[in-house]
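Have a look at the structure below before the remarks.
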Amino acid sequence: MNSEPMVIDVDALVKQRMPRHYRYIPRFVTRRLAKIIRERELNELLHLMAGKEPEDAAAAVLKRLQIGVNVLGEEHIPSEGRFIFVSNHPLGGLDGLALIAWLGKRYHGNIRFIVNDLLMAVKPLRKVFLPVNKFGAQSRESVSEIEAQYQSPNQMITFPAGLCSRRGADGKIHDLPWKKFVVAQAIRTRRHIVPLFFEAENSPFFYRMANWRKRLGIKFNAEMILLPGEMIKSSGSSYKIVVGKPISWDTLDAAHPQQEAERLCRICYSLKEQANQPSTLTDK
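Under numbering that gives the first Met the number 0, the final residue of the sequence shown carries the number 283; numbering is consecutive throughout.
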């Protein structure tokens, strides 16, 4: 495994992506952007992850940030079988790391995680990532690899909403609509679904920015730039993962996959009530 750490250089990245316009961009702009995304802190974490297996790299970040992860209901997971672990997506970073650390350790690294293709830049985690292009067509190679992994013995993990949770008009934090793809894959590959609820929230500022962006009619999810900072600000926090009882693939309605995806989402959120029960595992 390559132990050379990845380094984030915002100024160099802007120059690479915008070569024609770079000389017109004031340096204070790129410095400000680097500060917003917490360039220095992220590079420290990436250096910490270098040379480690994905589950160990994720665990190292959680330890450095003093993040506690408590798992409730792990006994609901059968000792054998191929599963799709589905979860709400409240944080946009630490939740994924927590699942990789926990499930990666449980299954000795034999996990695969459907993620935004931009995350493939995080080299220490590439081994478990299956990239999906959120803003365009999927490549033939990407589709083939996802299909192959669903047929493999590896355990699959996914956030069916794709993007992290937002605050709704009712003031509650909730996932965006879940995609039906997970239902189709569960049925096609005969994998049972294990529902998870991840109890966590980003800062109020994140949700306010998301709402203002929508009010201004900006389609680009500009608030996503805040997610690295949200992760760093969460240092010292404790979160809970609640595991529900498996849902058999043959109970899913293949004729109405979108409705089934919505039902799975409701099942995951119904686990929220159990988050106040005493913890069975603590890792901090």
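Glycine is no exception: its CB is placed at the ideal position from the N, C-alpha and C atoms.
- Here the alpha carbons of Ile76 and Lys244 stand approximately 7 Å from one another.
- Between the stretch 50–65 and the stretch 187–202, the count of Cβ pairs shorter than 8 Å is below three; the stretches do not touch.
- 8 Å or more divides the Cβ of Leu118 from the Cβ of Ile110.
- DSSP places Arg81 outside both helix and strand once states are collapsed to three, so it counts as coil.
- Secondary structure note for Phe128: its beta strand (DSSP E) is the uninterrupted segment 128–131.
- For Ile231, the closest alpha carbon among the candidates Leu45, Leu12, Phe27 is that of Leu45.
- Under DSSP, Ser164 takes part in no beta bridge, so it has no partner.
- Listed as beta-bridge partners of Phe196 by DSSP are Val241.
- Cα atoms of Ile66 and Cys267: separation of roughly 22 Å, rounded to the nearest angstrom.
- Measuring C-alpha to C-alpha distances from Ser237 to each of Gly228, Leu90, Ile186 identifies Leu90 as the nearest.
- Nearest C-alpha to Ser247 among Gln15, Arg26, Gly108, Leu263: Leu263.
- By the neighbour-count criterion, in which 16 or more other beta carbons inside 10 Å mark a residue as buried, Tyr149 falls on the buried side.
- A contact is defined here as three or more CB-CB pairs under 8 Å, and the stretch 177–184 fails this definition with respect to the stretch 207–221.
- Apart from sequence neighbours up to five positions away, the residues of its chain that approach Thr29 with a beta-carbon distance below 8 Å are Val9, Asp10, Val13, ordered along the chain.
- DSSP places Gln15 within a helical segment (H, G or I) once states are collapsed to three.
- Contact between Glu38 and Ile7 holds: their C-beta atoms lie close to 5 Å from each other, under 8 Å.
- In the DSSP assignment, Ile99 falls within the unbroken alpha helix (DSSP H) covering 93–105.
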